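Quick note: the sequence shown uses our numbering, first residue 367, plus one each step. C-beta atoms are modelled at their ideal positions from N, C-alpha and C, and glycine is treated no differently. Everything numeric in this text was worked out from a predicted model, so none of it was measured.
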Amino acid sequence: MMREALRVTPQQIDPLSWFIRPLVPITACALAVLVGLFTLVATWGRTHRPWLDVAAIVLIGGACILVQLLTRPLRPAFRARDAVGPLVLALAGLVVSAVGNAGSAVLVQHWWAPVGVGLVVATLGPYSTVRQVLAYGAGLGVATAVIASLAFWGPDAVWPSTSVAFISGSTIVVATVATATFGYVVVASTQRLLMGAGKAPPTTDAASEEAARRVERRTLARLGNRVAPFLEGIATAGVVTDTDRALAGQLARQLRSDLVSQANRTWLDSIALFGRIYVVDPDNRADRMNAAQRTALRALLNAVMENPGAAVGSLFLELRGDEDDSTAVALTLDFSLPEGRRTLMLAPYYLTLQTTVDSISWDPSRDLLRFQVPARESPRSGRPDS
367 MMREALRVTP
377 QQIDPLSWFI
387 RPLVPITACA
397 LAVLVGLFTL
407 VATWGRTHRP
417 WLDVAAIVLI
427 GGACILVQLL
437 TRPLRPAFRA
447 RDAVGPLVLA
457 LAGLVVSAVG
467 NAGSAVLVQH
477 WWAPVGVGLV
487 VATLGPYSTV
497 RQVLAYGAGL
507 GVATAVIASL
517 AFWGPDAVWP
527 STSVAFISGS
537 TIVVATVATA
547 TFGYVVVAST
557 QRLLMGAGKA
567 PPTTDAASEE
577 AARRVERRTL
587 ARLGNRVAPF
597 LEGIATAGVV
607 TDTDRALAGQ
617 LARQLRSDLV
627 SQANRTWLDS
637 IALFGRIYVV
647 DPDNRADRMN
657 AAQRTALRAL
667 LNAVMENPGA
677 AVGSLFLELR
687 GDEDDSTAVA
697 LTLDFSLPEG
707 RRTLMLAPYY
717 LTLQTTVDSI
727 SWDPSRDLLR
737 FQVPARESPR
747 SGRPDS
């Protein structure tokens, strides 16, 4: 459990939580800009190159904005190489600010740049593992200590070089430890929550076939209810009249129509017959899903339909084809549950579905779930089936 918590990001383990909302990088950017501007105004007369601090504020704020751009919905998951850009911008802002304050009357304890760099580390926290956060913080901490020693230490300096390195680097260390600890707590706690909330549904062909057989049995029983009374009446009377022949023809036409509709109906349409689901699938793209995708989506739909907090007729599912032959899926849910209980109910099924589809995202403001079903490849050619 502990090792697994070190290798998983909060975004991966808890994609529905408030902790990874898009406003996290924006908030960190605003704090970095406010701290930088406040310190710049307070120390304006003590530095010879204040415009360099302005440039540093732009660079460090830009690092947070870059994280925001890289973690928007429907984008690929944030990777370690994606952190290179924000880290380079943060380091550049640190260097520019150090150059602007070198040889000035500003003391190292009043230097704002380490705080801004620490906020960049905190911004990367939701999208990075604990190990990655520690690596980022260690690198930036050492760089901050070295840069501060070069910029703020001299023969007439108030602090010795060791103290300068400690004061400047401690801010990064505190931000790194706090971010790594919080990320570990989020991942470990959510892992225990998911283990207690229920195991992921099986994603086997047998489970999918059994669900399809249940739907088929219910359909056949519904059709048989029309024919059985008619045949029972003929058997009781022992005579076939012209009226019976006309009624038999009418029943045959109705059954044929129902069987044709059943043959053309997707597995989602069959589920929608017996549940509170509205399906829009003009191209029958639901049948392109594999067994794992069907099982994960069916488990999510059943969990919502069986929950008393879901309103009647509250699920609207739409499937549309894209140019690359993949399928875009949008599921709208109407909940009366509070956000915390809603997240607890959806999280296990969301995570299971996340392992079978692409670009999955959840918009809690509209109760909208979106994901992409990739085009199925031909087993011989490796190309998408037409």
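The beta carbon of L418 sits closer than 7 Å to the beta carbons of V462, S463, V465, G466 from its chain, once the five residues preceding and following it are set aside; these are given in chain order.
With at least 16 other beta carbons inside 10 angstroms of its own, T542 counts as buried. Apart from the 5 residues on each side of it in sequence, R497 sits with its Cβ closer than 8 Å to the Cβ of L372, R373 in its chain, given in chain order. Per DSSP, reduced to three states, the secondary structure at V695 is strand. If you check the CB distance, P492 and Q377 come in under 8 Å. Annotated three-state conformation of F532 is helix, per DSSP.
The residue from W477, T693, R654 with its alpha-carbon nearest to that of G535 is W477. Contact annotation, V499 with V487: C-beta distance approximately 7 Å; criterion of less than 8 Å satisfied. Look at D690 here: in three-state DSSP terms it is coil, with no helix or strand label. Distance from the CA atom of V433 to the CA atom of Q620, rounded to whole angstroms, is 59 Å. The Cβ-Cβ distance between L719 and L699 does not fall below 8 Å. When DSSP states are grouped into helix, strand and coil, D733 belongs to the coil group. The shortest C-alpha to C-alpha distance from Q659 to any of Q738, D733, Q616 is the one to Q738. By alpha-carbon distance to D729, the top candidate from P714, Y715, A696 is A696. For Y644, the enclosing beta strand (DSSP E) begins and ends at 643-646.
If you draw a straight line from the Cα of A479 to the Cα of L734, it comes to about 40 Å.
Rounded to the nearest whole angstrom, the C-alpha separation of V481 and V645 is 51 Å.
DSSP places V472 outside both helix and strand once states are collapsed to three, so it counts as coil. The C-beta of W410 has fewer than 16 other C-beta atoms within 10 Å across all chains shown, which makes the residue exposed. In its chain, beyond the 5 residues on either side, G535 have a beta carbon closer than 8 Å to the beta carbon of V508. In this structure, DSSP gives W525 a state outside helix and strand, which the three-state scheme calls coil.
The continuous alpha helix (DSSP H) containing P452 extends over residues 450-467.
Between L490 and Y502, the C-beta spacing is below 8 Å. The residues I533, in chain order, have a CB closer than 6 Å to that of Q475 in the same chain once the five nearest residues on each side in sequence are set aside.
Just measuring C-alpha positions, the residue of R708, I643, A657, A662 sitting nearest E684 is I643. If you compare the alpha carbons of G459, D448, G451, V424 with that of V399, the shortest gap goes to V424.
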